[in-house]
Amino acid sequence: MPWESIKNPTKKMLDDLYQEQVRSANKPCPDCGVKPGKAHSMNCDVARCQACGGQRLSCGCKKPGEDVWDGLWPGTKECYEKGYVAKWVSGWPFDSGRLIFDYDRWAVERVTGSRPSEYVVSP
Ligand SMILES: [Zn+2]
Ligand SMILES: [Zn+2]
Numbered sequence: 012m013p014w015e016s017i018k019n020p021t022k023k024m025l026d027d028l029y030q031e032q033v034r035s036a037n038k039p040c041p042d043c044g045v046k047p048g049k050a051h052s053m054n055c056d057v058a059r060c061q062a063c064g065g066q067r068l069s070c071g072c073k074k075p076g077e078d079v080w081d082g083l084w085p086g087t088k089e090c091y092e093k094g095y096v097a098k099w100v101s102g103w104p105f106d107s108g109r110l111i112f113d114y115d116r117w118a119v120e121r122v123t124g125s126r127p128s129e130y131v132v133s134p
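Quick note on the working numbering: the sequence shown kicks off at 12 and runs consecutively.
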């Protein structure tokens, strides 16, 4: 992966990152282009299933429901609350060293109900 999890992010790191996301939260959905406050289109990549919380396009639930785009990437609030931050290390498309929320970690944990082994911090 082109990023590394940060094991103990500071409160400031989290706050700064979250504020940055919130400031740009008035943008339309990057996939279906809907404005914040409106439901994603049915074939939107970003929309989350209301039944299982997975990606609506791929989860296969019969009644996934409508997902409203709130301007934040799914998992942003959760990563903020749980303190899941990663540092981008590969260069493109971000600057090296840029902090991002660790959406993958959140997604894996949500789907499997457990932490992926690479994130288990040994005592
Ligand atoms: Zn969308
Ligand atoms: Zn589902």
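Beta carbons: idealized from backbone N, C-alpha and C, even for Gly.
Proximity to Asp-56 across Ala-62, Ala-50, Cys-63 and Arg-67 peaks at Arg-67, based on C-alpha coordinates. Note on geometry: alpha-carbon atoms of Lys-88 and Gln-30 lie some 11 Å from one another.
In the structure shown, Trp-117 adopts helical secondary structure according to DSSP, grouped into three states. Relative to ligand 1, Ala-36 has its C-beta separated by 8 Å or more from all heavy atoms. Pairing Tyr-114 with Leu-28 gives a Cβ-Cβ distance that is not under 9 Å. Counting along the chain, Ser-16 sits inside no alpha helix (DSSP H); it lies in the beta strand (DSSP E) bounded by residues 14–17.
In terms of side-chain proximity, the C-beta atom of Ala-118 is found no nearer than 8 Å to any non-hydrogen atom of ligand 2. Judged by beta-carbon spacing, Cys-60 lies within the 9 Å limit of Asp-78, meaning their Cβ atoms are closer than that value.
Listed in chain order, the non-local C-beta contacts of Trp-80 below 6 Å within the same chain comprise Cys-40, Val-45, Pro-47 and His-51, local neighbours out to five positions each way being set aside. Judged by DSSP in its simplified three-state form, Lys-98 adopts strand. Note: Arg-59 is bridge-paired with Gln-66 in the DSSP secondary-structure output.
Cβ contact annotation for Pro-20 (same chain, cutoff 6 Å, sequence separation greater than five): Gly-94 and Val-96, in chain order.
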